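Colleague:
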Amino acid sequence: MLNKIESFKLYMSYSTIRYLIKHPKRFLYHLVQFWQSPNYIYFVSRLLDSEVNTVKKNLPDKIAKKNLSYAFKKSINPKSGEMPLSFEEAMSCYLIIRLMKPKIVVETGVSAGRSSAFMLQALEDNGYGYLYSIDPDPNAGYAIPDNLKRRWFFISKKSSEALPSLLERLNQVDMFLHDSLHTYENMMYEFETVWPFITKNGVMLSDDIDFNKAFQEFCKKHNVHPVFLSNNFAGIGKE
3 MLNKIESFKL
13 YMSYSTIRYL
23 IKHPKRFLYH
33 LVQFWQSPNY
43 IYFVSRLLDS
53 EVNTVKKNLP
63 DKIAKKNLSY
73 AFKKSINPKS
83 GEMPLSFEEA
93 MSCYLIIRLM
103 KPKIVVETGV
113 SAGRSSAFML
123 QALEDNGYGY
133 LYSIDPDPNA
143 GYAIPDNLKR
153 RWFFISKKSS
163 EALPSLLERL
173 NQVDMFLHDS
183 LHTYENMMYE
193 FETVWPFITK
203 NGVMLSDDID
213 FNKAFQEFCK
223 KHNVHPVFLS
233 NNFAGIGKE
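When you read off a place in the sequence shown, starting at 1, and then add 2, the result is the number in the numbering used here.
#1: Does the distance from the CB of N41 to the CB of E109 come in under 8 Å?
#2: For the beta strand (DSSP E) holding V108, just list the boundary residues, first then last.
#3: Measure the Cβ-Cβ separation of V107 and M93 and say whether it is below 8 Å.
#4: Tell me whether F155 is buried or exposed, calling it buried when 16 or more other Cβ atoms sit within 10 Å of its Cβ.
#5: Measuring straight from C-alpha to C-alpha, what distance separates P104 and N234?
#6: With burial defined as no fewer than 16 other Cβ atoms inside 10 Å of the residue's Cβ, what is the status of D51: buried or exposed?
#7: According to DSSP, what are the bridge partners of L207?
#8: With DSSP as the reference, label V226 as helix, strand or coil.
#9: Is the separation between the beta-carbon of L133 and that of V46 shorter than 8 Å?
#10: Would you call the region 207–218 in contact with the region 169–183, where contact means no fewer than 3 C-beta pairs closer than 8 Å?
#11: State the DSSP-derived secondary structure class of Y130, mapped to helix, strand or coil.
#12: Can you grab the Cα-Cα spacing for the pair A236 / P228, in whole Å?
#13: Tell me which residues share the same chain as I99 and place their Cβ nearer than 8 Å to its Cβ, disregarding the 5 neighbours each side in the sequence.
#14: If you reduce the DSSP assignment to three classes, tell me which class I146 lands in.
#15: Drop a sphere of 10 angstroms on the beta-carbon of P62, count the other beta-carbons inside from all chains shown, and report buried for 16 or more, exposed for fewer.
#16: When the Cα atoms are used, what is the spatial distance from E163 to F199?
Take a look at the structure:
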């Protein structure tokens, strides 16, 4: 996990600087909130342009925490070699959904299902929306509590096989999370394939952006400015 100094450098991205230029009186407020709040709170606040206190009001309640704790613990399996989202990354996904209230969420890469469980819990708490998860492993998602699966559609295929027909059927995506094969070719393929379907004010997230330059080059090509949670996880919004 990044320390505060390292995180602050990441948050001082172009999008953050641009925001503070437009709202100079809010610089001190954001600085104080950044230092007092967990990284994921501030990340979601910046990505969605929401007040920090508004983000905090959407943190999971006791019932939700029980499901999330189960999924988090069950997805810890050192022998498998899997690398699920960190707590901060998974909680970011949860909070983004709670605030956005999306109808359609799509993720590539499920593995144990930690990210899926956090997003499904958020959809359940909203009482609205569905998650479409793509992974070639038919056994993926074993950490997802059964009581969260009613809003879940699992597609056991590679993203290159599943995305075209799924996107054509859905016609739009409010939130997308990439966490499948982290090669340059696959990441760029997913970003370019999904981006035209992202709705206005929709969000695209990616894990392991430090594996190659795909995410950075995509952002530059489409003139979008990422908000970073860490050096390997970031999101972009569509205006």
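All C-beta atoms, glycine included, are put in the ideal place defined by N, C-alpha and C.
Predicted, not measured: the structure shown is a model, and the values here were computed from it.
Modeller: In short, the structure shows the following:
#1: For N41 and E109, no; Cβs fall outside 8 Å.
#2: Run containing V108: I106 to T110, per the beta strand (DSSP E) assignment.
#3: Their beta carbons are not under 8 Å apart, which means V107 does not touch M93 by this criterion.
#4: F155 should be labelled exposed.
#5: Roughly 24 Å separates the two Cα atoms.
#6: Burial state of D51 is exposed, judged by a 10 Å Cβ sphere holding fewer than 16 other Cβ atoms.
#7: For L207, which the question treats as bridged, DSSP gives the partners L179 and G237.
#8: V226 falls in the coil class under three-state DSSP.
#9: With respect to the 8 Å criterion, L133 and V46 are not classified as neighbours on the basis of their beta carbons.
#10: Because the criterion of three Cβ pairs below 8 Å is met, the region 207–218 and the region 169–183 touch.
#11: DSSP places Y130 in coil when its eight states are reduced to three.
#12: A236 and P228: Cα-Cα distance of roughly 6 Å.
#13: These residues qualify, in order along the chain: V107, M121, A124, L125, N128, G131 and M177.
#14: In the structure shown, I146 sits in coil (DSSP, three-state: anything other than H, G, I, E or B).
#15: Its Cβ being crowded by 16 or more others within 10 Å, P62 is buried.
#16: Each residue's Cα considered, the two are about 17 Å apart.
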